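Residue numbers (my numbering): 16 to 209.
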């Protein structure tokens with residue numbers, strides 16, 4: 016079943032999406048579109064991204080958004096985010112994220128997030144991704160915000176693909192979203208159909 020991304024966000028706020036991207040240009044275009052759509056809908060947008068890629072995204076956003084609209088974009092350096100404790104440690108990442116979104120929650124500001132997840136090598140212990148994605152999926156439901164987790168498709172071994180399909184209820188395919196038939200959590204409600 017295909018769902019239009021904006022329809023999904025209109026129907027519900029608790030949306031955890033996997034985006035397997037192929038190619039940097041496609042990736043940047045998708046982040047820019049997600050950011051523009053979010054700001055248009057009145058959301059602040061948290062972008063967890065590495066410095067070189069964020070500079071490309073920021074360059075595109077500056078062409079399309081006003082200075083006032085750019086104030087809705089909050090960039091978090093992905094290296095600082097994922098390695099705040101010195102290593103990829105899921106409890107430290109979750110704590111970092113909780114502190115980061117606290118001001119939005121306290122002020123009752125609507126926000127959405129985009130997290131670029133990168134790995135230096137695929138020989139790293141990929142099971143720890145599951146240790147992060149499961150509590151993140153629960154946080155998305157409890158706090159009620161949209162989150163897209165972006166992973167490079169070419170660097171995704173079968174084991175990682177399975178973990179991600181089990182921990183994300185939705186998969187983004189350019190402008191359409193499909194429901195993951197491998198998802199092991201519980202979804203809030205059935206979205207509108209295309």
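Here a beta-carbon is modelled for each residue, glycine too, at the ideal position from N, C-alpha and C. Quantities reported herein were computed from a predicted structural model and do not represent experimental measurements.
Could you have a look at residue i and say whether DSSP puts it in helix, strand or coil?
{"i": "residue 142", "result": "helix"}
{"i": "residue 126", "result": "strand"}
{"i": "residue 149", "result": "helix"}
{"i": "residue 167", "result": "strand"}
{"i": "residue 209", "result": "Reliability fails at residue 209, whose pLDDT of 38 lies under 50, so the model's placement of it is uncertain and the value that follows must be treated cautiously. In the structure shown, residue 209 sits in coil (DSSP, three-state: anything other than H, G, I, E or B)."}
{"i": "residue 204", "result": "With a pLDDT of only 48 at residue 204, under 50, the local geometry of the prediction cannot be trusted, and no value is derived from it."}
{"i": "residue 80", "result": "coil"}
Nearest to residue i by CA position, among the options, is which residue?
{"i": "residue 70", "options": "172, 100, 175 and 39", "result": "39"}
{"i": "residue 64", "options": "168, 89, 51 and 25", "result": "89"}
{"i": "residue 43", "options": "184, 109, 58 and 67", "result": "67"}
{"i": "residue 108", "options": "124, 118 and 145", "result": "145"}
{"i": "residue 211", "options": "143, 104, 61 and 170", "result": "The question about residue 211 has no answer here: the residues shown for the chain are numbered 16 through 209."}
{"i": "residue 78", "options": "143, 151 and 48", "result": "48"}
{"i": "residue 142", "options": "105, 45, 192 and 74", "result": "105"}
{"i": "residue 182", "options": "158, 150 and 157", "result": "150"}
{"i": "residue 84", "options": "45, 91 and 55", "result": "55"}
{"i": "residue 169", "options": "19, 35, 29 and 28", "result": "35"}
{"i": "residue 118", "options": "59, 174, 19 and 171", "result": "59"}
{"i": "residue 155", "options": "37, 128 and 101", "result": "128"}
{"i": "residue 132", "options": "115, 74 and 94", "result": "94"}
{"i": "residue 148", "options": "103, 115 and 120", "result": "103"}
{"i": "residue 25", "options": "91, 41, 57 and 175", "result": "57"}
{"i": "residue 161", "options": "180, 178, 184 and 179", "result": "184"}
{"i": "residue 92", "options": "74, 111 and 80", "result": "111"}
{"i": "residue 180", "options": "50, 195 and 166", "result": "195"}
Can you tell me where the alpha helix (DSSP H) with residue i in it begins and where it stops?
{"i": "residue 210", "result": "Given that the chain is displayed from residue 16 to residue 209, the structure contains no residue 210 and the question cannot be resolved."}
{"i": "residue 65", "result": "Neither: residue 65 is in no alpha helix (DSSP H) and is coded neither H nor E."}
{"i": "residue 42", "result": "39-55"}
Span of the beta strand (DSSP E) holding residue i?
{"i": "residue 191", "result": "191-194"}
Just list the residues that DSSP pairs residue i with in beta bridges.
{"i": "residue 186", "result": "33 and 193"}
{"i": "residue 59", "result": "126"}
{"i": "residue 268", "result": "Only positions 16 to 209 of the chain appear in this structure, which leaves residue 268 out of reach."}
- What are the complete alpha helix (DSSP H) segments, minimum 4 residues, inside the stretch 89-133? 93-97 and 105-121
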